[in-house]
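So the sequence shown is numbered by this note's numbering: it starts at 22 and just counts up by one.
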Amino acid sequence: MSQISTIFKRALLHFSLPSFTSFNKHSQELVLLSARQVSETLDIHVSSPDVENYKNVPLTAWTQVHNLLSSIYVATAKVAYEKGQPLLEFNVLFEEWCGYSVELCDIDNQDQYEVIFGDEKDLILIRSNTSSKIQ
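Laid out in structure tokens, this is it:
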């Protein structure tokens with residue numbers, strides 16, 4: 022028997038990495054599972070100490086950032102292909118570099134996110150500042 026899951030129009034996935042090079046099987050599973058539950062847009066918010074470490078010299082970390090982005094986009098493209106939805110939109114946002122604040126996200130606003138995905142440890146701060154669907 023297959024499990025039916027809710028499909029959301031727009032969602033946010035938040036996860037933390039110890040470094041840009043630590044995208045592993047678990048991180049990939051978070052991306053794949055989240056992407057499978059989205060019909061239009063998945064914003065992927067990545068936090069890592071490396072963002073701060075390379076804040077003033079981002080080109081120094083270019084190869085690591087490029088490899089991380091490639092891993093994330095390959096995973097999301099795989100899901101889009103499986104779903105037959107090549108126009109699924111995926112955005113990767115790096116905390117600090119883009120000025121994007123997950124904690125201030127208003128998921129009750131219809132123009133924002135219907136749900137926020139992530140590991141329990143990554144969602145504690147978000148849960149304390151929002152009142153809606155967090156998985």
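Where a beta carbon is used, it is the ideal one built from N, C-alpha and C, also for glycine.
Computed from a prediction, not measured in an experiment: that's the story for all the values here.
As the crow flies, the alpha-carbon of E110 is around 20 Å from that of S26.
Boundaries of the alpha helix (DSSP H) around E103: 83-104.
According to DSSP, S68 shares a beta bridge with S37. Nearest to L33 by alpha-carbon distance, out of L51, V86, K46, is L51. About 11 Å separates the CB atoms of V86 and F44; that is not less than 8 Å, and the two are not in contact.
In this structure, E117 places its C-beta atom within 8 Å of the C-beta atom of E73. Going by C-alpha positions, V78 is about 14 Å away from P70.
In the three-state DSSP reduction, N112 falls in the strand class (E or B).
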